[in-house]
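The structure under discussion appears below in the form of structure tokens.
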Amino acid sequence: MPLHFEAQSQYQHALEQRIFTYYARLWLELRMDIASIVILGDPNPRWRPRRCVRELAGTRLDFRFRVIKLLDLDEAFLVREAERGNPAALMLLAFRRAMGAGSDV
Numbered sequence: 000m001p002l003h004f005e006a007q008s009q010y011q012h013a014l015e016q017r018i019f020t021y022y023a024r025l026w027l028e029l030r031m032d033i034a035s036i037v038i039l040g041d042p043n044p045r046w047r048p049r050r051c052v053r054e055l056a057g058t059r060l061d062f063r064f065r066v067i068k069l070l071d072l073d074e075a076f077l078v079r080e081a082e083r084g085n086p087a088a089l090m091l092l093a094f095r096r097a098m099g100a101g102s103d104v
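The sequence shown: position 85 = 84 (numbering that gives the first Met the number 0), numbered continuously.
Written out as structure tokens, the structure reads:
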């Protein structure tokens, strides 16, 4: 199964449309189902884009994608998983720690 990952560390207007555009381009090229996953590393707990909705004259598109908000992740869990060799946990842990370091990175 193809995976489309995006990492976003700050608010971006129209992120939802960008994710859909990339999904559509990948689908047109591969003709396969694709899982789109967005990792949000921004400090705003309320910003949680999850879908792109377009509608015109009775035609409707409702594209939804998975979101991982770094603020929601338990750091102790990520540390344990990273120590067990989980590469995804290691990546998320590094991203979360960089987020906490701010401009010191």
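Think of the CB as a built atom: it goes at the ideal place given N, C-alpha and C, for glycine as much as any other residue. Everything numeric in this text was worked out from a predicted model, so none of it was measured.
Residue i in three-state terms, based on DSSP
| i | result |
| --- | --- |
| V104 | Low per-residue confidence applies at V104: pLDDT is 48, beneath 50, and the placement is therefore not dependable, though the value from the model is reported in the following sentence. Reduced to three states, the DSSP call for V104 is coil. |
Which residues DSSP lists as bridging residue i, in chain order
| i | result |
| --- | --- |
| E15 | DSSP, once it has assigned bridges, lists no residue as partnering E15. |
| A6 | I38 |
Sequence-distant residues of its chain with Cβ nearer than 6 Å to residue i (five each side left out)
| i | result |
| --- | --- |
| G40 | S8, L69, F94 and M98 |
| Q16 | C51 |
Same chain only: Cβ atoms within 7 Å of residue i, ignoring 5 sequence neighbours per side
| i | result |
| --- | --- |
| R63 | R49 and R50 |
| L89 | A81 |
| Y21 | H3 |
| R96 | none |
message: Could you check whether the region 29–36 touches the region 71–81, counting it as contact only if at least three pairs of C-beta atoms, one from each stretch, sit closer than 8 Å?
response: no
message: Report the start-end ranges of each beta strand (DSSP E) in the region 27–103 that is 3 residues or longer and not cut off at the edges.
response: 34–39, 50–55, 58–63 and 65–68
message: Would you call the region 41–48 in contact with the region 60–74, where contact means no fewer than 3 C-beta pairs closer than 8 Å?
response: yes
query: Does the count of Cβ pairs from the region 49–62 and the region 84–93 closer than 8 Å reach three?
result: no
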